[in-house]
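Protein chains in written order, with the UniProt record's numbering: chain Y, 1 to 147; chain X, 1 to 147. Just so you know, even glycine gets a beta-carbon here, dropped at the ideal spot from N, CA and C.
There are 2 protein chains.
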Amino acid sequence: MASPTPTPPNNRPDALTLEVVELIGEVVARFHEDYEEAAAEHTLTGAQARLLSLLCLEPLPMRRLAQRLKCEPSNVTGIVDRLEARGLVERQSDPADRRVKVAVATEEGRRVARSLRESLRFAREPLAGLSEGERVALRDALRGMLG
Amino acid sequence: MASPTPTPPNNRPDALTLEVVELIGEVVARFHEDYEEAAAEHTLTGAQARLLSLLCLEPLPMRRLAQRLKCEPSNVTGIVDRLEARGLVERQSDPADRRVKVAVATEEGRRVARSLRESLRFAREPLAGLSEGERVALRDALRGMLG
DNA sequence: TTCAGATGCTTCAGTAACTGAAACAACCAT
DNA sequence: ATGGTTGTTTCAGTTACTGAAGCATCTGAA
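#1: Would DSSP call Pro-8/X helix, strand or coil?
#2: Taking all protein chains shown into account, decide if Gln-48/X is buried (16 or more other Cβ within 10 angstroms of its Cβ) or exposed.
#3: Kindly confirm or deny that the segment 24 to 32 of chain X and the segment 17 to 32 of chain Y touch, where touching means at least three C-beta pairs closer than 8 Å.
#4: Once the 5 residues before and after Met-62/Y are set aside, which same chain residues still bring their CB inside 6 Å of it?
#5: Could you check the C-alpha separation between Leu-65/X and Leu-51/X for me, to the nearest Å?
#6: Determine the closest residue to Cys-56/X out of Thr-45/X, Ala-137/X and Leu-116/X, with distance taken between C-alpha atoms.
#7: Measuring only the C-alpha atoms, how far is Glu-19/X from Glu-37/X?
#8: Locate the beta strand (DSSP E) running through Ala-93/X, then write down its first and last residues.
#9: In this structure, does DSSP put Ala-96/Y in helix, strand or coil?
#10: Using 8 Å as the cut-off, can you tell me whether the segment 86 to 95 of chain Y makes contact with the segment 106 to 115 of chain Y, which would need three or more C-beta pairs spanning the two stretches below that distance?
#11: Going along the segment 23 to 35 of chain Y in order, which residues come within less than 8 Å of chain X, judged by CB to CB distance?
#12: Provide the residue(s) that pair with Ala-105/Y in DSSP beta bridges, ordered along the chain.
#13: Indicate whether Pro-59/Y and Leu-146/X have their beta-carbon atoms separated by less than 8 Å.
#14: How many angstroms separate the CA atom of Glu-134/X from the CA atom of Phe-31/X?
#15: Do you know offhand how far Gly-46/X's Cα is from Tyr-35/X's?
#16: Under the assumption that residue 149/Y contacts Val-104/Y (Cβ atoms under 8 Å), give the Cβ distance between them as a whole number of angstroms.
#17: Going along the segment 34 to 66 of chain X in order, which residues come within less than 8 Å of chain Y, judged by CB to CB distance?
#18: I'd like the span of the alpha helix (DSSP H) that includes His-32/Y, first residue to last.
#19: If I measure Cβ to Cβ from Thr-43/Y and keep anything under 8 Å in the same chain, skipping five residues before and after, which residues do I get?
#20: Residues of chain Y with a CB under 8 Å from the CB of Ala-141/X: which are they?
#21: Cβ of Arg-68/Y within 8 Å of Cβ of Leu-83/Y?
#22: In chain Y, what lies closer than 8 Å to Val-76/X by C-beta?
#23: What is the DSSP secondary structure of Leu-120/Y, counted as helix, strand or coil?
#24: Within 8 Å (strictly less), CB to CB, does Leu-88/X reach chain Y?
Structure below.
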């Protein structure tokens with residue numbers, strides 16, 4: 001009766017796992033903090049920054065944006081509205097299907113997104129404290145977690 | 001001589017670093033998603049869940065809560081209001097300084113927080129896919145990043 | 001061809017998170 | 001006591017977000 005269930009992945013996290021979870025939480029918190037701060041430096045909210053970054057890679061219809069951001073389409077409308085009002089994003093209607101509006105980053109929008117990406121110091125500075133070997137180990141562990 | 005400068009933090013992120021940054025971004029996204037989902041299962045918002053988790057460790061005055069959550073005290077008022085309305089948190093005035101209100105988790109609040117913590121599957125499940133050695137390497141790399 | 005249903009976006013309540021200013025009470029040092 | 005500081009709340013205003021309509025457009029089948 002020492003171990004009732006046969007090592008289910010859900011029960012009894014060992015100390016090592018717990019510490020890693022704790023550390024990941026810390027990393028998440030700092031990353032977020034840094035991201036919001038970088039966004040604020042460009043007078044953007046976090047949501048606006050995320051959307052703009054997505055559009056910087058490729059134009060996307062509103063519906064896809066909602067899927068990427070994991071929120072309702074009606075929400076995307078507002079965020080795009082505000083970005084459009086500032087000239088960072090444009091709505092183009094898709095000639096192939098006139099229902100869909102494709103959001104596309106303007107030149108200015110792409111510039112802001114690039115600048116934003118560069119001011120994201122976190123995960124660059126702290127990573128610098130790691131040796132090459134440690135970075136490789138980190139990469140492999142993260143890959144393993146996500147795969 | 002092998003490394004002239006102790007790895008200048010600002011310039012020229014190499015491919016490895018970039019990939020790690022990318023992976024961390026992915027981990028952050030999944031962690032957040034999971035956290036919000038776990039919170040929603042308990043009819044809590046993310047902010048409420050974070051605050052309740054803090055209080056589960058120790059009672060805190062409003063001001064400290066604001067510092068921990070990195071937001072304005074006036075914001076904390078609202079979040080605690082809503083948690084208090086649901087009996088998960090209580091306000092007690094500090095006898096030593098009658099200005100300060102100490103927020104403390106109720107029994108029910110602690111129970112919810114515990115349950116929340118347990119339903120946080122992410123970073124436990126994917127971690128299970130890692131060998132002990134990999135987990136140690138991950139821990140050390142994360143420690144290095146945060147220290 | 002036409003029309004009923006599906007799909008994409010917006011609009012409209014309604015809630016929560018958040019900020020910054022202003023009000024208040026209680027503390028503290030002179 | 002008095003004046004300045006500090007902890008909390010209140011208030012107005014913005015954004016993010018959801019879910020239910022609503023409108024326009026597309027699509028498939030009769």
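According to the structure data:
#1: Here the model assigns Pro-8/X a pLDDT of 45, short of 50, so the residue's position is not dependable, and the following value carries that caveat. Correct three-state label for Pro-8/X: coil.
#2: buried
#3: yes
#4: Pro-73, Val-76 and Lys-101
#5: 7 Å
#6: Leu-116/X
#7: 27 Å
#8: It should be pointed out that residue 93/X corresponds to Ser in this sequence rather than to Ala. Note, Ser-93/X: beta strand (DSSP E), 89 to 93.
#9: coil
#10: yes
#11: Leu-23, Ile-24, Gly-25, Glu-26, Val-27, Val-28, Arg-30, Phe-31, His-32 and Glu-33
#12: Val-89/Y
#13: no
#14: 19 Å
#15: 7 Å
#16: Because residue 149/Y is not part of the residues shown, which for chain Y are 1 to 147, the question remains open.
#17: none
#18: 15 to 41
#19: none
#20: Leu-130, Glu-134, Arg-135, Ala-137, Leu-138 and Ala-141
#21: no
#22: Within 8 Å Cβ-Cβ: nothing; Val-76/X doesn't reach chain Y, min ~17 Å.
#23: coil
#24: no
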